[in-house]
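Encoded as structure tokens, the structure appears first; notes follow it.
The structure is reproduced here in structure tokens:
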């Protein structure tokens, strides 16, 4: 038998099997469309959890630039870093991920991060 003829026979068999399977699973003849499922709309109310960011110098710059990608609460879950580490983190976000942080704002953002999640350089090197 030629390969093209074998493919046609196989395709016909698969089609017949598919029609029979639809007929068996739906309980309706294959010539009638299966009934459509009925969906109900439900709604739920989720609690509102406003993020509470600590006050600090540069908070406005942080909120304006960093919460475009990160949740406002994200920074409060980060480990404490030195000023050098926070500076590197902000620079990484700008250079590697394209964070839209104006150059004039990076210092204010670092100030904020250090004020709420910072440690001094001696503590950082002691770890």
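Numbering (my numbering), first residue to last: 40 to 166. We put the beta carbon where it would ideally sit given N, CA and C, even for glycine. Bear in mind that the values here come from a model prediction, so they are computed numbers and not experimental data.
Beta-carbon proximity list for residue i, same chain, < 6 Å, skipping 5 on both sides
i, result
"residue 160", "121"
"residue 156", "117, 119"
"residue 93", "155"
"residue 145", "129"
"residue 64", "Caution applies to residue 64, whose pLDDT of 49 falls short of 50 and renders its modelled position unreliable; the value that the coordinates give is listed next. No residues qualify anywhere along the chain."
Beta-carbon proximity check, residue i vs residue j, cutoff 9 Å
i, j, result
"residue 134", "residue 105", "no"
"residue 151", "residue 98", "yes"
"residue 140", "residue 125", "no"
"residue 111", "residue 102", "yes"
Nearest candidate by alpha-carbon position, reference residue i, set the options
i, options, result
"residue 130", "143, 118, 119", "143"
"residue 91", "145, 154, 114", "114"
"residue 158", "146, 145, 123", "123"
"residue 109", "76, 136, 87, 84", "136"
"residue 147", "78, 100, 74, 77", "100"
Sequence-distant residues of the same chain with beta carbon closer than 8 Å to residue i, five excluded per side
i, result
"residue 171", "In the structure as shown, the chain begins at 40 and stops at 166. Residue 171 is therefore absent and cannot be evaluated."
"residue 96", "147, 150, 151, 154"
Coarse secondary structure for residue i, derived from DSSP in three states
i, result
"residue 137", "coil"
"residue 105", "helix"
"residue 131", "helix"
"residue 84", "coil"
"residue 75", "coil"
Residues bridged to residue i (per DSSP)
i, result
"residue 95", "Residue 95 pairs with nothing; no bridge assigned."
"residue 157", "120"
Residue i: CB within 8 Å of a non-hydrogen atom of the ligand ADP
i, result
"residue 87", "The ligand ADP is not among the ligands present in this structure, which contains no ligands whatsoever."
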